[in-house]
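Undergrad:
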Amino acid sequence: MSDVKIVFRKYGGALHWNHAGRILGEDEHGVWVAVAAGTLARKGAEPPIAWDFPSSMLFPRDAWWTASFNGPQHRAAIYIDVTTVPEWREGEVTMVDLDLDVIKMRDGRLILDDEDEFVEHQVSLGYPAEVIERAEETARWLLRAVEERQGPFGGAHVRWLSQVV
Numbered sequence: 114m115s116d117v118k119i120v121f122r123k124y125g126g127a128l129h130w131n132h133a134g135r136i137l138g139e140d141e142h143g144v145w146v147a148v149a150a151g152t153l154a155r156k157g158a159e160p161p162i163a164w165d166f167p168s169s170m171l172f173p174r175d176a177w178w179t180a181s182f183n184g185p186q187h188r189a190a191i192y193i194d195v196t197t198v199p200e201w202r203e204g205e206v207t208m209v210d211l212d213l214d215v216i217k218m219r220d221g222r223l224i225l226d227d228e229d230e231f232v233e234h235q236v237s238l239g240y241p242a243e244v245i246e247r248a249e250e251t252a253r254w255l256l257r258a259v260e261e262r263q264g265p266f267g268g269a270h271v272r273w274l275s276q277v278v
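Each residue of the sequence shown is one higher than the one before, counting from 114 in the working numbering.
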């Protein structure tokens, strides 16, 4: 297993969330990465914070999202960022966060979050029409897939999350 730096950027290149992880392996859904409880994460250049829960992150090979399957300490069981396709190079995975988040809470609620930020950034960050369309299409697909427990949202994370220490 090897270490990886996880780097989310905003459209235009500004640094967003970034932290370390450890590659667990791959399956038909993509690359699975462990993020241990206590991992230090930074939002841009802000001071680091320690996450008090473990998660297993999934980076699909050719889809516009990344997912975090969180340990039971977190109120969100699944947190999915709509992003550009993750790109891998030399110990780092990078993607552009496109604001929209699909969240499955522990109580079963399914939420599409940050729609207001997405609308605001379309103007302030100058999202091209094709990026807007792809992000909206991805969010709709994710809502259905999570609700219907399709693909990686049907329990594929269990074996990977069990390996996170």
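Just so you know, even glycine gets a beta-carbon here, dropped at the ideal spot from N, CA and C. Keep in mind it's a predicted model, so treat the numbers as computed, not measured.
Can you tell me which of the three DSSP states D229 falls into?
TA: Three-state result, D229: helix.
Undergrad: Mapping the DSSP letters down to three states, classify E139 as helix, strand or coil.
TA: If DSSP states are grouped into helix, strand and coil, E139 belongs with the strands.
Undergrad: Compute the Euclidean distance between the alpha carbons of D212 and E261, then round it to the nearest angstrom.
TA: Rounded to whole angstroms, D212 to E261 spans 23 Å at the Cα level.
Undergrad: Mapping the DSSP letters down to three states, classify W177 as helix, strand or coil.
TA: Correct three-state label for W177: coil.
Undergrad: According to DSSP, simplified to helix, strand and coil, what is H129?
TA: Reduced to three states, the DSSP call for H129 is strand.
Undergrad: Do you know whose CA, among K156, Q186, L137, V206, lies nearest R219's CA?
TA: Looking at the Cα atoms, Q186 is the closest of the given residues.
Undergrad: L171 lies in the alpha helix (DSSP H); which residues open and close that run?
TA: Note, L171: premise wrong, no alpha helix (DSSP H); beta strand (DSSP E) at 168–172.
Undergrad: What span of residues does the alpha helix (DSSP H) with A248 cover, start to end?
TA: Element bounds for A248: 242–260.
Undergrad: Report yes if the C-beta distance between V277 and A147 is below 7 Å; otherwise report no.
TA: Yes; because the gap between Cβ atoms is below 7 Å, this pair is in contact.
Undergrad: Given G268, which residues of its chain have a CB within under 8 Å of its CB, disregarding the five upstream and five downstream residues?
TA: Hits under 8 Å: R262.
Undergrad: With distance defined between alpha-carbon atoms, name the residue in I245, P161, G138 nearest to H129.
TA: For the residues I245, P161, G138, the minimum Cα distance to H129 belongs to P161.
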